[in-house]
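Numbers 434 to 663, taken from the numbering used here, label the letters of the sequence shown in order. C-beta atoms are modelled at their ideal positions from N, C-alpha and C, and glycine is treated no differently. In what follows, a structure is listed as structure tokens, so that the remarks can point back to it.
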Amino acid sequence: MRQHFTSAKIRNYLVTGVFIWVPILITFGVIGWGMNFLTGIFETVVDMVARVMPIIWQAPILAIKDIPFLGVILVILILFLTGLMAANLLGQWFLRVLDSLFSRIPIVKSVYGSVKQVSDTLFSSNGQAFRKALLVQYPRAGCWTVAFQTGTPNGDVANKLPEDCISVYVPTTPNPTSGFFLIMPKTEVIDLDMSVDEALKYIISMGVVAPEEHSNATPAVTTAQTATDI
């Protein structure tokens, strides 16, 4: 079947390509910078050690810098050692001291705190962080936006709520790392038949990259829709 390329389709394909390649390039850029940074520090340490060693040992020590894929090995080693440290009491104490240090340095504490909060949320081990895409009415009734369920209230917050609620994160566009945290009744949200990645692309592209309709998708009828129609 012959495919016709309209201006809307071309724009959609271009935007989709951008959102596919930008995260890849940023990821490789950060990894490359990290490998170069660690390699530079490691080579400096090797040079310093070689200078204080007898001449007969200097050549073998300096040859360490010529190990293939040294940067990759160093990154993997650092990640492994960090995870190993976090698994024991001494390592946890050291990481708490490091966290406290970064949290007290002006300017650095703002960047570090924001990045840490986002990473803790995205990589939460409780299995609830950003696991479901939702449709909610925000900022007023009649206006709909895509949001994410981040969990369920508990403790005193749950005891004070008049009905069953869920924790909802409404991201901003085009930067989804900022947004609004809401506690909404379950009856006022609609589950979307799309993945978190599809929902994020939809938000970041400001609605340009619309997710495709799934074949098994069925119209959702909830109390939220009923309330809107009344």
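Residue i versus the options, residue with shortest Cα-Cα distance
i: V622; options: V455, L503, I509, G575; result: G575
i: V451; options: P644, K634, E646; result: K634
i: I500; options: E476, F581, V530, F613; result: E476
i: P618; options: V541, Q582, D589, V530; result: Q582
i: D626; options: I453, F613, E646; result: E646
i: V629; options: I464, P644, A591; result: P644
i: G504; options: I464, D532, I488, S533; result: I464
i: G584; options: D532, W577, F614; result: F614
Residues of its chain near residue i, where Cβ-Cβ distance is below 7 Å and the 5 sequence neighbours each way are ignored
i: I636; result: V579, P604, T606, P609
i: L447; result: none
i: G467; result: V508
Expected contact under 8 Å - CB spacing of residue i and residue j to nearest Å
i: N445; j: V569; result: At roughly 25 Å, the Cβ-Cβ gap does not stay under 8 Å, so N445 and V569 are not in contact.
i: I616; j: P572; result: The pair is not a contact, with the Cβ atoms about 15 Å apart (cut-off 8 Å).
i: L567; j: D624; result: 6 Å
Sequence-distant residues of the same chain with beta carbon closer than 8 Å to residue i, five excluded per side
i: L495; result: V479, D480, A483
i: F527; result: M518
Those residues which DSSP pairs with residue i across a bridge
i: V623; result: Checking the sequence shown, residue 623 turns out to be Ile, not Val. For I623, which the question treats as bridged, DSSP gives the partners L568.
i: V603; result: F613
i: P487; result: P487 pairs with nothing; no bridge assigned.
i: G584; result: S600
Own chain, CB closer than 6 Å to residue i, minus 5 neighbours either side, in chain order
i: A441; result: none
i: G612; result: Y602, V603, P604, T605
Check: With a cut-off of 8 Å, do at least 3 Cβ pairs link the stretch 563-582 to the stretch 598-605?
Finding: yes
Notebook entry, point to check: Between the stretch 536-551 and the stretch 584-601, do at least 3 Cβ pairs fall closer than 8 Å?
Noted result: no
Checklist line | Contact between the stretch 502-521 and the stretch 466-475 (3+ Cβ pairs under 8 Å) | finding: yes
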